[in-house]
Structure formats: structure tokens, C-alpha cells
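To keep things clear, I will list the structure first and then write my remarks on it.
Residue numbers (UniProt numbering): 1 to 75.
Shown next as C-alpha cells:
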């Protein structure tokens with residue numbers, strides 16, 4: 001009877017290890033799927049478009065758009 005109990009205990013240990021590994025595998029799979037979905041969303045937004053033209057950031061008022069130049073009354 002003790003031999004049978006030892007075998008059952010070993011099986012319980014083995015199955016608990018397998019169960020923990022399966023849970024870990026499922027969590028990793030879920031995380032990888034989330035990453036792949038995020039990458040797909042980024043790719044869908046990338047349509048090889050030109051980047052938007054930005055206002056020049058050079059120093060000096062000549063490159064600042066007229067609408068953002070300070071007026072005499074704003075000082």
C-alpha cells in the first residue's frame with residue numbers, strides 16, 4: 001500500500017509541475033500575441049507616407065511662421 005501511495009504522490013508532483021509549465025506557457029503565448037498585435041497595429045498605420053513637414057527649428061525669426069511671431073504688444 002505504501003508503494004502505491006508513493007506512486008500517487010509522484011504522479012501528483014509530476015502533474016503539478018506540468019500544470020505550472022502549462023500556465024507559464026499560456027501566459028508567454030498571451031504576451032507574445034499581445035506584442036504581435038501591437039506590431040500589426042503599428043504596421044497598419046505605416047503606409048509609407050512622407051513624414052509631415054515641420055516648421056523649421058533654426059534659430060532666428062526668419063524661420064518662424066508669421067502667425068507665431070511675437071507682436072510689439074505681446075512683450
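Glycine residues also receive a C-beta, built at the ideal position from the N, C-alpha and C atoms.
Query raised in the report: So with Cβ pairs under 7 Å, would you call residue 36 a contact of chain C?
Result: In summary, chain C is missing from the structure at hand, where a single protein chain is found.
Query raised in the report: Alpha carbon to alpha carbon, what distance is there between residue 25 and residue 5?
Result: Against the chain shown, residue 5 aligns to sequence position 5. Against the chain shown, residue 25 aligns to sequence position 25. Distance between the alpha carbons of residue 5 and residue 25: 30 Å.
Requested in this report: To the nearest angstrom, report how far apart residue 31 and residue 40 are at their CA atoms.
Outcome: Counting from one through the chain shown, the residue named residue 31 turns up at place 31. Counting from one through the chain shown, the residue named residue 40 turns up at place 40. The C-alpha of residue 31 lies about 14 Å from the C-alpha of residue 40.
Query raised in the report: Quick one: what does DSSP say residue 10 is sitting in, helix, strand or coil?
Result: Counting from 1 along the chain shown, the entry for residue 10 is found at position 10. Residue 10: helix per DSSP, three-state reduction.
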